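Undergrad: My questions all concern the structure below.
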Amino acid sequence: AVYAITTDKSEKYALRVHRYNYHSDAELESELTWMKALNEAGIYTPAVIPALDNALFKSVQSDSVPEPRQCDLLSWVDGEQLGSVEQGVAGDDAALLQSYHQVGELAARIHNQANAWKLPAGFTRHAWNLEGLVGEAPVWGRFWELPALSPEQQEIILRARELVRKRLIDFGSASDRYSLIHADLIPENLMLSGDTVMLIDFDDSGFGWHLFELATSLFFLMHDDRIDEISAATVQGYRKHRALPDEHLEMLPVFFLARGLTYLGWAHTRSETEAAQAMTAVILEAVCEMAEQVLMT
Numbered sequence: 397a398v399y400a401i402t403t404d405k406s407e408k409y410a411l412r413v414h415r416y417n418y419h420s421d422a423e424l425e426s427e428l429t430w431m432k433a434l435n436e437a438g439i440y441t442p443a444v445i446p447a448l449d450n451a452l453f454k455s456v457q458s459d460s461v462p463e464p465r466q467c468d469l470l471s472w473v474d475g476e477q478l479g480s481v482e483q484g485v486a487g488d489d490a491a492l493l494q495s496y497h498q499v500g501e502l503a504a505r506i507h508n509q510a511n512a513w514k515l516p517a518g519f520t521r522h523a524w525n526l527e528g529l530v531g532e533a534p535v536w537g538r539f540w541e542l543p544a545l546s547p548e549q550q551e552i553i554l555r556a557r558e559l560v561r562k563r564l565i566d567f568g569s570a571s572d573r574y575s576l577i578h579a580d581l582i583p584e585n586l587m588l589s590g591d592t593v594m595l596i597d598f599d600d601s602g603f604g605w606h607l608f609e610l611a612t613s614l615f616f617l618m619h620d621d622r623i624d625e626i627s628a629a630t631v632q633g634y635r636k637h638r639a640l641p642d643e644h645l646e647m648l649p650v651f652f653l654a655r656g657l658t659y660l661g662w663a664h665t666r667s668e669t670e671a672a673q674a675m676t677a678v679i680l681e682a683v684c685e686m687a688e689q690v691l692m693t
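Right, dumping it as structure tokens:
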């Protein structure tokens, strides 16, 4: 849960109360440390506001909540969300393409910083790697066990899982294609202030493929009539700061599929939430359609 906090001096902050047991203390410390390093590298992220003892977060216990919860405080980011998963993105074409050109630039600059940054001692984050995406214990859960899957759909998803696994093994994870990534560049996490796109919410950040980053940024726009133009603008922005060979881009459909499989896992492990209940059928239909297309190529 994220709360807006306004002080008696009209200062505004974002208070995050973290999902229980999603990140260890070391993982959360690492997330906030990376955000600070990105800021120091000139890549805007919300500033981390330390506690009075300079801790980056606190674990807080309340009688009304069964477990202690990690809480941190970030600077407030003014602006409007670029869109939403449910509603897509709005605005005139020129402004939208300019925004996604900036999204590509942001992704490339993040990956450049990650490749150049020496990880601090004790740094640890989950990985959207082979095991984290299609292993026996994926980051967001065993997507092939989603109860909503029919037997036919489960068979398609299992075949897709194996295809993704083989293609990712062949692709490899050299530093020109794999590093720390934000991993959640969905429209809700892209804040438009004037004509500048700013990035929030590093909760899902970790190690992963750069193309997985781009697939995430475009996934929920795949049925937008402007998807080809948006995708081209994103890639153009990315290439302004970092190489992205055409032979790498040929893997993008596989990463779209990998991202879709993770969303099935998200729906499975968060089935108690309203968002998962509302989105499961839509995501399932889209991912099965995507899987069938990739399996035929």
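Start counting the sequence shown at 397; every next residue gets the next number (my numbering).
Every residue gets a Cβ at the ideal spot worked out from N, C-alpha and C, and that includes glycine.
Everything numeric in this text was worked out from a predicted model, so none of it was measured.
Could you please give the first and the last residue of the uninterrupted beta strand (DSSP E) stretch that includes alanine 400?
TA: 398 to 402 is the span of the beta strand (DSSP E), which, as asked, contains alanine 400.
Undergrad: Do tryptophan 524 and phenylalanine 608 have their CB atoms nearer than 8 Å?
TA: Result yes, Cβ atoms of tryptophan 524 and phenylalanine 608 sit closer than 8 Å.
Undergrad: Between the C-alpha atoms of leucine 492 and valine 485, what's the straight-line distance to the nearest angstrom?
TA: So the two alpha carbons sit approximately 8 Å from each other.
Undergrad: Please state the DSSP three-state secondary structure of methionine 618.
TA: The answer is coil: DSSP assigns methionine 618 none of H, G, I, E or B.
Undergrad: Just the C-alpha distance for tyrosine 496 and serine 627, rounded to the nearest angstrom, thanks.
TA: Taking the straight line joining both Cα atoms gives about 8 Å.
Undergrad: Please confirm whether any heavy atom of the ligand NAP lies closer than 7 Å to the CB of asparagine 525.
TA: Summarising the ligand content, the structure contains no ligands, and the ligand NAP is consequently not present.
Undergrad: Which same chain residues end up closer than 6 Å to valine 398 when comparing Cβ atoms and leaving out the 5 residues on each side of it in sequence?
TA: Contacts found: Ala410, Arg412.
Undergrad: State whether the region 549 to 569 contacts the region 453 to 469, with contact taken as three or more CB pairs (one from each stretch) at a distance under 8 Å.
TA: Counting Cβ pairs under 8 Å, fewer than three are found: no touch.
Undergrad: Note down, in chain order, each residue of its chain lying with its Cβ closer than 7 Å to the Cβ of leucine 653, except the 5 sequence neighbours on either side.
TA: Excluding sequence neighbours, leucine 653 sits near Ala556, Val560, Met686, Ala687, Val690.
Undergrad: The beta strand (DSSP E) spanning serine 471 covers which residue range?
TA: Here the beta strand (DSSP E) through serine 471 covers 465 to 471.
Undergrad: Do the region 518 to 536 and the region 423 to 431 meet, that is, are 3 or more Cβ pairs less than 8 Å apart?
TA: Result yes; three or more Cβ-Cβ pairs closer than 8 Å.
Undergrad: Curious, which full-length beta strand (DSSP E) runs of at least 3 residues does the region 507 to 592 contain?
TA: With a minimum length of 3 residues, the continuous beta strand (DSSP E) runs that stay inside the region 507 to 592 are 574 to 577, 586 to 589.
Undergrad: Would you kindly work out how many angstroms separate the C-alpha atoms of isoleucine 506 and serine 569, rounded to a whole number?
TA: Each residue's alpha carbon lies about 17 Å from the other.
Undergrad: If I follow the unbroken beta strand (DSSP E) through valine 413, where does it start and stop?
TA: Run containing valine 413: 408 to 413, per the beta strand (DSSP E) assignment.
Undergrad: Per the DSSP calculation, leucine 448 is bridged to which residue(s)?
TA: Partner(s): none; leucine 448 has no beta bridge.
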